[in-house]
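Since the structure comes first, as structure tokens, the remarks are kept for the end.
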Amino acid sequence: MLSTSRSARTLVKETLPFWGRRSAAIAVARGELGLVDLGVEGVIQQLRHDVRVHYYGLLFALRAEEIGRLELQNDRELLELTRARFEHGDTPELEVKQARLSAGRAEATLGTLSSEVDIARGELNLDLGREREAPIVLAGHLEERPPLPDVVRLVERALGEGRDARELRQRVAVEESRLRLARTGWVPDLTAGAGAEFDDPDFSVGPQFSLGLTMPLFNRKGAEQSQARAALEMLSREREALRQRVSTSLSSSFARVQAADAQVKLYSGSLVPSASEVRELYRDSYREGAVGILNFIDALRSEREVQLGYARALFDLERALADLEREAGVELNDGPAPD
4 MLSTSRSART
14 LVKETLPFWG
24 RRSAAIAVAR
34 GELGLVDLGV
44 EGVIQQLRHD
54 VRVHYYGLLF
64 ALRAEEIGRL
74 ELQNDRELLE
84 LTRARFEHGD
94 TPELEVKQAR
104 LSAGRAEATL
114 GTLSSEVDIA
124 RGELNLDLGR
134 EREAPIVLAG
144 HLEERPPLPD
154 VVRLVERALG
164 EGRDARELRQ
174 RVAVEESRLR
184 LARTGWVPDL
194 TAGAGAEFDD
204 PDFSVGPQFS
214 LGLTMPLFNR
224 KGAEQSQARA
234 ALEMLSRERE
244 ALRQRVSTSL
254 SSSFARVQAA
264 DAQVKLYSGS
274 LVPSASEVRE
284 LYRDSYREGA
294 VGILNFIDAL
304 RSEREVQLGY
314 ARALFDLERA
324 LADLEREAGV
334 ELNDGPAPD
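Everything in the sequence shown is counted per the working numbering, starting at 4 for the first residue and increasing by one.
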């Protein structure tokens, strides 16, 4: 007599690492997550830099437009003054044409400056995630000079709180965790299983349990340990290089800030007042017929160039400070008040 039987078996197994290996693996994962967070922080710092530069770029464009509008107003006043003198026979018609030409040039320049305002507004709106043409109201003024930081203290903060320094420390922590994880290569893994067998000829349901140890006889993670030690050695040398790089780059960036600040002081303390004084002298002299119209137009142009140079110097100072903040990886929130 021939009999056949069929049975079904279900078995679930799970590897249970011992505590030392598990904690080391968790430390590696957390360290890598910290590196991702620092990468996101770097993107935020770059966005902060771009917003600051484009914010003051818009202020500069608005200031330049204001200067262009004032120039057009002065040229139109000059045109009216020249016409009045021509009607009284005090000046030839050629000077009226020259004044008209100067006003036309000022009007064309103002149109260009207005276009630059639209471009600068669009760049800032893009940084803020808004439509390019969206209206925006700025709270500050270009003439508000920020305080300059203490470069020695800034270097110390960059080495302690800067993103590059913290990223390097985080990478060291990750490699140390990798080394601890690799050193647990000799620890066996515990494998536990549970299941049941169905439809056996001798019983309907039979539970099953199993325990096992996986012994790492031939692979003790030696290569992984060597790799982690080499990475730690490299990071140790990179730490020294970072200190030198931060000190050098911040000193160079701060020198650019000082140069820009010196330009601002030169314009505000000497050039701007002198240009305004010269323009008024030429205005009075032209009314009295002591100088020709070309001399007066040159004085107006010189004042405009000085005013634009002053605005450009203020913007360059803000941009240099933004670059310095990006290099340091910390916010510039300390420093004496400007002179």
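Glycine included, C-beta positions come from ideal geometry on N, C-alpha and C.
With distances taken between CA atoms, Leu82 lies nearest to Ala106 out of Arg72, Ala106 and Phe63.
Take Arg72, set aside five residues on each side of it, and the residues of its chain with a beta-carbon closer than 7 Å to its own are Leu113, in chain order. The region 243 to 259 makes no contact with the region 49 to 60: fewer than 3 CB pairs, one atom from each, lie closer than 8 Å.
For Leu335, there is no enclosing alpha helix (DSSP H), as DSSP marks it with neither H nor E. Restricted to the region 270 to 327, not a single beta strand (DSSP E) segment is unbroken, complete and at least 3 residues in length. In this structure Leu116 is in contact with Glu68, their Cβ atoms being roughly 4 Å apart against a cut-off of 8 Å. For the pair Leu162 and Val260, the CB atoms are not nearer than the 9 Å cut-off.
Between Ala323 and Ala262, the alpha-carbon positions lie close to 9 Å from each other.
The criterion of a C-beta distance shorter than 9 Å is satisfied by Phe63 and Leu317. Where Thr115 is concerned, the enclosing alpha helix (DSSP H) starts and stops at Glu96 to Asp130. Taking 9 Å as the cut-off, the Cβ atoms of Thr194 and Arg24 do not count as close. When C-alpha distances from Glu321 are compared across Glu164, Leu75, His144 and Leu38, the shortest belongs to His144. In this structure, the beta-carbon distance from Leu127 to Ile139 falls below 9 Å. Excluding sequence positions up to five before and after Ala123, its CB lies within less than 6 Å of the CB of Gly60, Leu61 and Ala64, all in the same chain and listed in chain order.
DSSP, reduced to helix, strand and coil, places Leu162 within a helical segment of the structure shown. Taking a 10 Å sphere around the C-beta of Asp287, we find fewer than 16 other C-beta atoms and assign the residue as exposed.
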